[in-house]
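Asks: Handing you a structure now.
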Amino acid sequence: MLSGLPARMRRLKRTSAKRKIYKSVPQGLEFTPHDILTMRRVLHRHGLLDRLKKLTEVETDDRPASSERDYLCLFLPRNYDEGKFSLPDARKIRVAALTALRERLVERASIIQSRLDAENEALRRKQAAFRKAAGQMSPEEEEHYVTEFNQAMFRIKILEARLKRHEERALRKYAELDQRLRRDPRLSALQDKASVEPSINRR
């Protein structure tokens, strides 16, 4: 009975690690667990994951637990205290924040698209098999095929609607963040100069 203990302990450790990941996101943001893991991969690629870990450690100061974290905390210079940024720094911060959001949104869309492609491919194979066996199937087999066909079409419609909804929300979220960045007093230099911005188009 003890032989299975190490495996169970490993599973518990993995579960505990995932819970820590989910808890290490700034409060006030509506992210799913998958969004959180995706964002951590994005931050890792940009060399910002260590900063996330440091910023999400248990704090010992007197700030209330409910205080909202700075939405730009991951993109500000390490030695930043307060005040406005120069135009070059403001541009860098804006592009970094928009790029992180864009990569998260693009990856989410890619996952939905891959599921949709898989459902369409599975349906094509079933249709090909049905045409090949036409006239040789029993009434029960034909009924089973019709049931599977209807179920597949239902899943495809759901995924198509989900992808469309995600794309609409992605554009809105991107525009909202862009406006928030432009209204941020610390980035006021952006109001007078045009900035290079990453595209939100899917890869």
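Sequential numbering of the sequence shown, starting at 3, is according to our numbering.
For glycine and all other residues, C-beta sits at the position ideal for the given N, C-alpha and C.
Counting C-beta neighbours from all protein chains within 10 Å, is the total for Asp72 16 or more, i.e. buried, or is it exposed?
Replies: Exposed, since its Cβ has fewer than 16 Cβ neighbours within 10 Å.
Asks: Assign Ile160 to one of two classes, buried (16 or more other C-beta atoms within 10 Å of its C-beta) or exposed (fewer than that).
Replies: Classification of Ile160: exposed, given that the 10 Å Cβ count is below 16.
Asks: Under 8 Å: do the segment 102–116 and the segment 161–172 share three or more Cβ pairs, one atom per stretch?
Replies: The answer is yes - the segment 161–172 touches the segment 102–116, with three or more Cβ pairs under 8 Å.
Asks: For Leu179, which option in Leu100, Gly85, Ala135, Arg133 has the closest C-alpha, if you only look at C-alpha atoms?
Replies: Taking only the C-alpha atoms, the option nearest Leu179 is Leu100.
Asks: Under 7 Å: does the beta carbon of Arg184 sit that close to some heavy atom of the ligand MN?
Replies: Among the components modelled here there is no ligand, and therefore nothing to report on the ligand MN.
Asks: Give the DSSP-derived three-state secondary structure of Ala136 in the structure shown.
Replies: If DSSP states are grouped into helix, strand and coil, Ala136 belongs with coil.
Asks: Counting pairs of Cβ atoms below 8 Å between the segment 83–98 and the segment 180–189, do you hit three or more?
Replies: Judged by Cβ distances under 8 Å, the segment 83–98 makes contact with the segment 180–189, as three or more pairs qualify.
Asks: Look at the alpha carbon of Leu192 and the alpha carbon of Leu78, and state the distance between them as a whole number of angstroms.
Replies: Cα to Cα, the separation comes out at about 16 Å.
Asks: Exposed or buried, Glu145, counting other C-beta atoms within 10 Å across all chains shown (16 or more means buried)?
Replies: Classification for Glu145: exposed.
Asks: Considering just the uninterrupted stretch of the alpha helix (DSSP H) at Leu161, what are its terminal residues?
Replies: Taken as a continuous stretch (DSSP letters only), the alpha helix (DSSP H) holding Leu161 covers 141–185.
Asks: Any idea what DSSP makes of Asp119, helix, strand or coil?
Replies: The answer is helix: DSSP assigns Asp119 an H, G or I state.
Asks: Which of helix, strand or coil does DSSP assign to Arg80?
Replies: The answer is coil: DSSP assigns Arg80 none of H, G, I, E or B.
Asks: Where Ala136 and Arg167 are concerned, what is the direct C-alpha to C-alpha distance, given to the nearest angstrom?
Replies: So the two alpha carbons sit approximately 38 Å from each other.
Asks: Rounded to the nearest angstrom, what separates Val148 and Leu183 at their Cα positions?
Replies: In a straight line, the C-alpha of Val148 is about 52 Å away from that of Leu183.
Asks: What's the C-alpha gap between Gln153 and Leu165?
Replies: Taking the straight line joining both Cα atoms gives about 18 Å.
Asks: Taking all protein chains shown into account, decide if Glu142 is buried (16 or more other Cβ within 10 angstroms of its Cβ) or exposed.
Replies: Exposed, because fewer than 16 other Cβ atoms sit within 10 Å of the Cβ of Glu142.
Asks: Hey, would you say Ile95 sits closer than 8 Å to Leu125, going by beta carbons?
Replies: Taking 8 Å as the Cβ cut-off, Ile95 and Leu125 do not qualify as a contacting pair.
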